[in-house]
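All residue numbers for the sequence shown refer to my numbering, where the first residue is 1437 and numbers rise by one. Every residue gets a Cβ at the ideal spot worked out from N, C-alpha and C, and that includes glycine. If you're wondering where the values come from, they're calculated on a predicted model, not measured in any experiment. Below is one structure, written out as structure tokens, with a few remarks after it.
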Amino acid sequence: MCFIVDFNMKMIPIENYGVKCMSMGFLVDKDAPIVWRGPMVMSALQKMSREVAWGVLDILVVDMPPGTGDAQLTMSQKLQLSGALIVSTPQDVALIDARRGVRMFSKVQVPILGLIENMSYFKCPHCGEPSFIFGAGGARKTAAEMGLQLVGEIPIELDIRKGCDKGMPIVVSAPDSTVSKAYHDVAQTVVMRLEDLAKA
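Encoded structure:
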């Protein structure tokens, strides 16, 4: 799916709705498992960050797997990160990993932009009432305990899944929906935090 730029042999990212994207999933067969040891993960991070023709970007977001392993540590050492945004679901077992992530990035002097609660609640498509499937307020409580900003709470919504399957984000298909507003508020808060850090 990826092409090579002739003059510098850098990969061209896929672009849709004005957002550029690159993934290791684009470089392997659709059903091929990606079972890599540490050095291969490090090589992949190098390719994704320095061997892609990103051009001029407002923000580069690197979506990392959960945990505090070699990938996260290497990224914090090799890239000049403006900040780390910690994403967790509300249940206690997930928030344990979130706390570890906060402490790890703090140790390597990467500013913590805040905490996002994903799958915060399920909004019933019939009555519109929220159901807190994974518990209520876990990320909010953790953010308060750790002195962090709660950046946003993203619900589980059927329209998000449908949009993903169709390749159309909900902020495009339903820009006035509650969940689109939640995404917009998260993005706006992150940009403001980055601007504040840049001034400091």
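Out of the options, point me to the one whose CA is closest to residue i's CA.
| i | options | result |
| --- | --- | --- |
| Val1523 | Gly1599, Met1445, Met1555 | Met1555 |
| Ala1634 | Gly1519, Met1604, Asp1528, Leu1586 | Gly1519 |
| Val1627 | Val1587, Pro1605, Gly1503 | Val1587 |
| Leu1630 | Ile1448, Ser1479, Leu1549 | Leu1549 |
| Ala1507 | Gly1574, Asp1528, Met1484, Gln1527 | Met1484 |
| Met1637 | Met1447, Lys1446, Asn1452 | The question about residue 1637 has no answer, for the chain in this structure spans 1437 to 1636. |
| Leu1584 | Asp1601, Pro1566, Leu1551, Lys1602 | Leu1551 |
Determine the direct distance from the alpha carbon of residue j to that of residue i, and round the result to whole angstroms.
| i | j | result |
| --- | --- | --- |
| Val1492 | Arg1486 | 13 Å |
| Ala1623 | Gly1564 | 24 Å |
| Cys1438 | Gly1599 | Here Cys1438 scores only 49 on pLDDT, less than 50, and its place in the model is too uncertain to base an answer on. |
| Val1546 | His1562 | 43 Å |
| Trp1490 | Val1477 | 20 Å |
| Lys1559 | Leu1515 | 38 Å |
| Phe1462 | Ser1613 | 31 Å |
| Ala1480 | Met1460 | 7 Å |
| Met1458 | Ile1495 | 14 Å |
| Ala1468 | Asp1632 | 42 Å |
| Ile1596 | Ile1606 | 6 Å |
| Pro1449 | Val1488 | 7 Å |
Tell me residue i's beta-bridge partners as DSSP assigns them.
| i | result |
| --- | --- |
| Lys1456 | Glu1451 |
| Leu1584 | Paired residue(s): none; Leu1584 is not in a bridge. |
| Ile1592 | Phe1558 |
Contact the segment 1570-1578 vs the segment 1531-1542: 3+ CB pairs below 8 Å: yes
Looking at C-beta atoms only, is the number of pairs between the segment 1567-1574 and the segment 1535-1551 that lie closer than 8 Å three or more? no
Report yes or no: do three or more beta-carbon pairs, one from the segment 1502-1511 and one from the segment 1586-1604, lie closer than 8 Å? no
If we require 3 or more residues per run, which beta strand (DSSP E) segments fall completely within the segment 1484-1551? 1520-1524
Could you pull out every unbroken alpha helix (DSSP H) segment of at least 4 residues lying fully inside the segment 1599-1626, listed in chain order? 1606-1609
Ranges of the alpha helix (DSSP H) found wholly within the segment 1553-1583, counting only runs of at least 4: 1574-1582
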